[in-house]
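Engineer: Top line first, the protein sequences correspond to chains Z and E.
Here the working numbering is used: position 142 in the first sequence is 142, and no number is missing along the way.
Here the working numbering is used: position 434 in the second sequence is 1434, and no number is missing along the way.
Note that the Cβ used here is the ideal one computed from N, Cα and C, for glycine as well.
Quantities reported herein were computed from a predicted structural model and do not represent experimental measurements.
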Amino acid sequence: MPKAMLFDSSKCMACRGCQVACKQWWELPAVPTTNQGTYENPPDLSAETWNRIKFTEIGNNGTVRWLFTRQSCMHCTEAACVNVCPVYARSPHELGFVTIDQERCIGCGRCVEYCPFGVPKLGNYDVSPRIRVELGTPRTVTYNCQLCRDRVEDGLIPACAKTCPPGAIQFGERADLVEQGRARVNALKATYPKAYLYGENELGGLHVMFVLTDEPGVHGLPENPQVGTYPDFSANELPVWYIEAIDEGKLPVLPSLGPLPGLPATPPAQELGWGAAALWSWLGIGVVGIGAALGWAIRRRVAHGEEKPKTQED
Amino acid sequence: MTNHWNDIANSDCMMAIGSNPAENHPAAFGHITEAKERGAKLISVDPRFTRTSAKADIYAQMRSGTDIAFIGGMIKYVLDDMDKNPENYNIVYVTEYTNASFLINPDFQGAVDLDGTFSGYDSSQRSYDRTTWKYQYDESGIPKRDKTLTDPNCVFQLLKKHFARYDADICCNITGADKATYLDICRTYAATGKPGKSGTIMYAMGTTQHTNGTQMIRSYVILQLLLGNIGVAGGGINALRGESNVQGSTDMCLLAHILPGYLKQPINKDQTLEEHNNRVLTSYYTNNDDKSLNWWKNYPKYMASLIKAWYRDVTPSEGYQYLPKTTKPYNDYSWIGLFEAMYDGVIKGLMCWGQNPAVCGPNVNMERKALEKLDWLVAVDLWETETAAFWNRSDVNPADINTEVFLLPAAASYEKEGSVTNSGRWMQWRYKAVSPVGEAKADLEIINALVLKLKELYEQEGGPLAEAITKLTWDYGGSHPDVHMVAKEVNGRDLSTGKLLGSFGALKDDGTTISGNWLYCASYTEAGNMSARRNPDPGMFNIGLYPEWGWCWPVNRRIIYNRASVDLDGNPWDSEQPVIKWNPTKGESGGWDGDIPDGGAPPVNQGGYYAFIMQAEGHSRLFGALNDGPFPEHYEPWESPVENLLSGTQNDPAFKIWDSDMDHKGDPGRYPIVATTYRISEHWQAGQMTRNLPWLVELMPELFIELSEELAAEKGIVNGGRVIVETARGSVEGVAMVTKRFQPFKLNGRVVHEVGIPWHWGYTGLSTGDSANVLTPHVGDANTMIPEYKAFLCNVRKA
Ligand code: SF4
Ligand code: SF4
Chain Z
1 MPKAMLFDSS KCMACRGCQV ACKQWWELPA VPTTNQGTYE NPPDLSAETW
51 NRIKFTEIGN NGTVRWLFTR QSCMHCTEAA CVNVCPVYAR SPHELGFVTI
101 DQERCIGCGR CVEYCPFGVP KLGNYDVSPR IRVELGTPRT VTYNCQLCRD
151 RVEDGLIPAC AKTCPPGAIQ FGERADLVEQ GRARVNALKA TYPKAYLYGE
201 NELGGLHVMF VLTDEPGVHG LPENPQVGTY PDFSANELPV WYIEAIDEGK
251 LPVLPSLGPL PGLPATPPAQ ELGWGAAALW SWLGIGVVGI GAALGWAIRR
301 RVAHGEEKPK TQED
Chain E
1001 MTNHWNDIAN SDCMMAIGSN PAENHPAAFG HITEAKERGA KLISVDPRFT
1051 RTSAKADIYA QMRSGTDIAF IGGMIKYVLD DMDKNPENYN IVYVTEYTNA
1101 SFLINPDFQG AVDLDGTFSG YDSSQRSYDR TTWKYQYDES GIPKRDKTLT
1151 DPNCVFQLLK KHFARYDADI CCNITGADKA TYLDICRTYA ATGKPGKSGT
1201 IMYAMGTTQH TNGTQMIRSY VILQLLLGNI GVAGGGINAL RGESNVQGST
1251 DMCLLAHILP GYLKQPINKD QTLEEHNNRV LTSYYTNNDD KSLNWWKNYP
1301 KYMASLIKAW YRDVTPSEGY QYLPKTTKPY NDYSWIGLFE AMYDGVIKGL
1351 MCWGQNPAVC GPNVNMERKA LEKLDWLVAV DLWETETAAF WNRSDVNPAD
1401 INTEVFLLPA AASYEKEGSV TNSGRWMQWR YKAVSPVGEA KADLEIINAL
1451 VLKLKELYEQ EGGPLAEAIT KLTWDYGGSH PDVHMVAKEV NGRDLSTGKL
1501 LGSFGALKDD GTTISGNWLY CASYTEAGNM SARRNPDPGM FNIGLYPEWG
1551 WCWPVNRRII YNRASVDLDG NPWDSEQPVI KWNPTKGESG GWDGDIPDGG
1601 APPVNQGGYY AFIMQAEGHS RLFGALNDGP FPEHYEPWES PVENLLSGTQ
1651 NDPAFKIWDS DMDHKGDPGR YPIVATTYRI SEHWQAGQMT RNLPWLVELM
1701 PELFIELSEE LAAEKGIVNG GRVIVETARG SVEGVAMVTK RFQPFKLNGR
1751 VVHEVGIPWH WGYTGLSTGD SANVLTPHVG DANTMIPEYK AFLCNVRKA
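1. At 3 residues or longer, and completely inside the segment 1504 to 1586 of chain E: list those beta strand (DSSP E) runs for me, N to C.
2. Taking the continuous beta strand (DSSP E) assigned at Z:W66, which residues delimit it?
3. Which word fits E:Q1743, buried or exposed, when buried means at least 16 other C-beta atoms lie within 10 angstroms of its C-beta?
4. Would you mind working out which of E:N1773, E:R1563, E:R1670 sits nearest E:G1594, comparing C-alpha positions?
5. Closer than 7 Å between beta carbons: that is the criterion. Which residues of the segment 205 to 239 of chain Z meet it against chain E?
6. Give the straight-line distance between the Cα atoms of Z:W282 and Z:W25, rounded to the nearest whole angstrom.
7. Compute the Euclidean distance between the alpha carbons of E:R1533 and E:W1695, then round it to the nearest angstrom.
8. With 16 other CB atoms within 10 Å as the buried threshold, where does E:M1485 fall?
9. Say the cut is 8 Å; is the CB of E:P1026 nearer than that to a heavy atom of ligand 1?
10. Taking DSSP's pairing of strands, which residues face E:D1817 in a bridge?
11. Is Z:A168 near ligand 1, going by C-beta to nearest heavy atom under 8 Å?
12. Is the number of C-beta pairs between the segment 1708 to 1717 of chain E and the segment 1680 to 1698 of chain E that are closer than 8 Å three or more?
13. Scan the segment 27 to 43 of chain Z for residues whose Cβ lies nearer than 8 Å to a Cβ of chain E and list them as they occur along the chain.
14. Are three or more beta carbon pairs between the segment 1465 to 1480 of chain E and the segment 1263 to 1270 of chain E nearer than 8 Å?
15. Assuming E:S1064 and E:P1047 are in contact, meaning their beta carbons sit under 8 Å apart, how far apart are those beta carbons, in whole angstroms?
16. Out of E:Y1763, E:E1726, E:K1798, state which residue places its alpha-carbon closest to the alpha-carbon of E:P1775.
17. Under 9 Å between the Cβ atoms of E:G1570 and E:P1602?
18. Any heavy atom of ligand 2 closer than 8 Å to the CB of E:H1484?
19. In angstroms, rounded to a whole number, what distance separates the CA positions of Z:R299 and Z:A21?
20. Check whether the Cβ atoms of E:G1648 and E:D1169 sit closer than 9 Å, and answer yes or no.
21. Any heavy atom of ligand 1 closer than 8 Å to the Cβ of Z:M13?
22. Less than 9 Å separating the beta-carbons of E:A1035 and E:G1349?
23. Assign E:H1760 to buried or exposed, taking buried as 16 or more other Cβ atoms, counted over all protein chains shown, within 10 Å of its Cβ.
24. Would you say Z:A47 faces chain E, with C-beta separation under 9 Å as the test?
25. Taking DSSP's pairing of strands, which residues face Z:E173 in a bridge?
26. Which residues in the same chain have their Cβ closer than 8 Å to the Cβ of E:Q1224, if we skip the five residues on either side of it in sequence?
27. Looking only at C-alpha atoms, which of E:K1798, E:T1768, E:N1773 sits nearest to Z:T34?
28. To be precise: take each residue of the segment 1659 to 1683 of chain E, compare its Cβ to all Cβ atoms of chain Z, and keep it if any distance is under 9 Å. Which residues remain?
29. What residue does the beta strand (DSSP E) around E:A1233 start on, and which one ends it?
30. Comparing C-alpha positions only, which one of E:P1357, E:V1346, E:A1389, E:G1361 sits nearest to E:L1374?
31. At 3 residues or longer, and completely inside the segment 1064 to 1119 of chain E: list those beta strand (DSSP E) runs for me, N to C.
32. Any idea if E:W1376 is buried or exposed, counting beta-carbon neighbours within 10 angstroms, 16 or more meaning buried?
33. Please report the distance separating the alpha-carbon of E:W1551 from that of E:S1305.
34. Taking only beta-carbon atoms, is E:F1049 less than 9 Å away from chain Z?
35. Using the Cα positions of E:N1692 and E:E1386, report the straight-line distance between them to the nearest angstrom.
36. Residues in the same chain with beta-carbon distance under 6 Å from E:G1073, minus the five sequence neighbours each way, listed in chain order, please.
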């Protein structure tokens, strides 16, 4: 049964224990910041910051509201990042979250560009001591919240949910949390007529849902995000067998070069041997490197020609 | 807290005034959230819109330092409404449990008669003679009462007369609150006056840190008593403590005027223990009414047991001789007084234990200067604090400073075993998780080594009053002290049997029992360490008493004054959320169910005592004697931009004003803007424990100053730019946070601005910046001398 997280903005008091708990669990470093005239910091998600609280101050004739909204991976069912990734580094987990296989990730940056929530961020392999050990070789990969997959698989709840003092972050069975979220929204409607359960249906259902006290746009969330508002990249994905062979150590890890087009759809014949395949790929990289650069440029042009999904920066 | 954190969840209405629990007590805010989920209302009253206000149902703006006007208007609203709709209030509670019906000396004159002061004021001494504030007694020495509450000299009528001036218009003109919102708060909070409803007031340093902070708390108490909110579940008057063990350290006498367990500090006049006991016993209202239990009459037992804990081998009377006696008024021994004495060169050495005065002291430039005059300073801390490094700050030349500084590295809380007592008086044992780093040692190790060395030196070399040290009983296991031995001594034992005592009821005044703190007697008994209990059973009536989770003073009573939660027959006012309930079928002659009641006697109607057993008269006090008056009266802060609208008495008439060459008062012409200081979630106190943690520095990297858009526009200041705040004491520079959350105050037709500054910064650590206390004045509360950190005058300009 899929799990999910329910963030209740009506209960969040912006203590940001969740921001720190996330960094503590993942051994993510602090980033240098300055005060920009707001409590909010760091100013955006990054390879070192996977979860943060946004502060929105709204004034109206002398009365004021201060909204606190989480920004972090929403673990979409229809996940743009999964669909655009050329190397299957991102995949839906049966427990409901979208995992990142950073050993597969080649840092091509497509997910960074097409996530409707602006979540994945590029960063070096040595962002945290923990991840450096896992990745080993110096390279650029993407980072974002993984819903504490390791903790959840061990029967714990994510670090942010564990630390949240007022219980603004709940973690559990998605079906239960949908119920809970609906009930909470109904209760809030008396005070906040626009209260809304964000993520119940958006993008096929998010695995991080928000109880909002106002319209999503007011909280800085895309209204009605859509699936597939990005180019169809299926043609220049690497075949699964190739990636699996890398996973199994039969082929060398790909450098951070972007997509490698043109490999056959089935593995090479056994008699050809993995050595030959490796040779082929490394020979190919020289050629493909140029091709990739070209492909990258073209893809960027295509991307910018298309209407991009709305992100909260817009 | 009269109640405790978990109990907040039982409340129907919570008013956060002088506190900001979302930011300063985030771990406990869950209880507030829980109450809200059950339908309770949260009211936030604060000069600026805070993270607590963001979660509140009603927010009212209030200029710093005007709590008594704000609450005074609410008291008037309730008193008026009681006349109109008595069925909405618990009149029996007011008549039977408070001193509303007590008659006061007819010579008493109040603020109405005397333009803001009370009878007995001596302006040359800035103090009161309280003779006219006494009760009238009958021939047998029992206070006279009028239970119809109509006698013009009864407390209730005096209260009405006093607060009649506090109408909503004048209160809003003083505080700057919006009138419609203010009346909404009056209505919403007054609704907790109905029997079965409860309201709680949560306050903290925003209340206490004023020249009349104690009186502000008195005003909350009066409101709560009129509404029958003391003693009930979800009610009470709840001080939100700012540190995990500040309640514990207060209980253990980290204050100048008390000994452990709130016993009184001996003064020079108390030459013998008997004299001391007599002075203390008669300093309370005398009372011959045998329906009043008057618990403090046991004082001599607690004092004798404390002295015996300290001086095991001598009689209590002899041990008393070794206790230091104060020769000066209390003011001189409190924080400001001590620093004035250092500044004057009177005090030569300072042990600074987990404290950082070079950041947190008021008028901190003066206090830093005072440190320069010391011969020696010992700083015991986790980091090299600003205090430990005061000689190396940017504006001094280290070569000019002769103070010898010793820095002793201390273990952090997770590096040692012991107990902490939280806001709700719960004592909870905690364990050592990791060993201290480097040479750091637990405080107990440090003090133990120090005392053993002092004993050795005094034994070898003698010296003045050497016996006070040489005769001191100090045996906690030798050079490596055992914290359990300390905890057992705090609990106390019977010296004849050697057994740990099960309750302070067993303490004696003849020197045969010891107890390091009578209030903690029952915490560590022959049955074990009660504070280490971890039974999550919420206990009877499902109000979250958790009777077997840790331990709570006194005698594990979770809600104090709980006798006021029942009627005279012992039936709870609130049948859904009772705290205690008389059960006639329990035991041989009936007994109480639920929490541990105040004193074990049956209900009042069955021969029991009055509800408030700690008060000599057995009733809680709507009229009670403090240094600055029997009723709270609004006065302007020492530095204020406006005249007192209520009387010709501008400031509290009884706080001490110091006059060293660094004690300057700001003039409203030059400094027209109100300033206040506060804490934020991301940093803690003087900042050493958070400004050294990169993750927290990332969240709040720099000192900032919050100000309204209107003030910023007037001064040409932009959000995120730099701003300078200046007072008569000094100036600080920080990032301007221009916000709608600060609105200009409209006071009697005039616009007054206020700015807010967190005080966590200093010059050591990862994140540095000016301390807001460069700005604050060296004046303090008339009763406690806690410094005025919350309301003073400044000017601001673009940096
Ligand atoms: S820990 Fe909870 S209350 Fe604190 S900021 Fe995060 S979600 Fe909000
Ligand atoms: S929020 Fe972005 S990164 Fe997270 S699953 Fe959705 S598309 Fe992928």
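Structural biologist: Once the coordinates are examined:
1. 1580 to 1583
2. 63 to 71
3. buried
4. E:R1563
5. none
6. Note that Z:W282 scores a pLDDT of 49, beneath 50, so its modelled location is shaky; the value from the coordinates is reported in the next line. Distance between the alpha carbons of Z:W282 and Z:W25 is about 37 Å.
7. 34 Å
8. exposed
9. yes
10. Residue 1817 of chain E falls outside the range modelled here, since chain E spans only 1001 to 1799, and no answer is possible.
11. yes
12. no
13. P29, A30, V31, P32, T33, T34, N35, Q36, G37, T38, Y39, N41, P42
14. no
15. 5 Å
16. Before going on, a small fix: residue 1775 of chain E reads as Leu here, not Pro. Among E:Y1763, E:E1726, E:K1798, the Cα nearest to that of E:L1775 belongs to E:E1726.
17. yes
18. no
19. The pLDDT assigned to Z:R299 is 45, lower than 50, so where the model puts this residue is not dependable; a value taken from the coordinates is nonetheless given after this. One C-alpha to the other measures close to 38 Å.
20. no
21. yes
22. no
23. buried
24. no
25. Z:K3
26. G1199, I1201, I1230, G1235, G1236, I1237
27. E:T1768
28. I1680, S1681, E1682
29. That residue, E:A1233, is in no beta strand (DSSP E); it is neither H nor E in DSSP.
30. E:V1346
31. none
32. exposed
33. 21 Å
34. yes
35. 12 Å
36. Y1166, A1168, C1171
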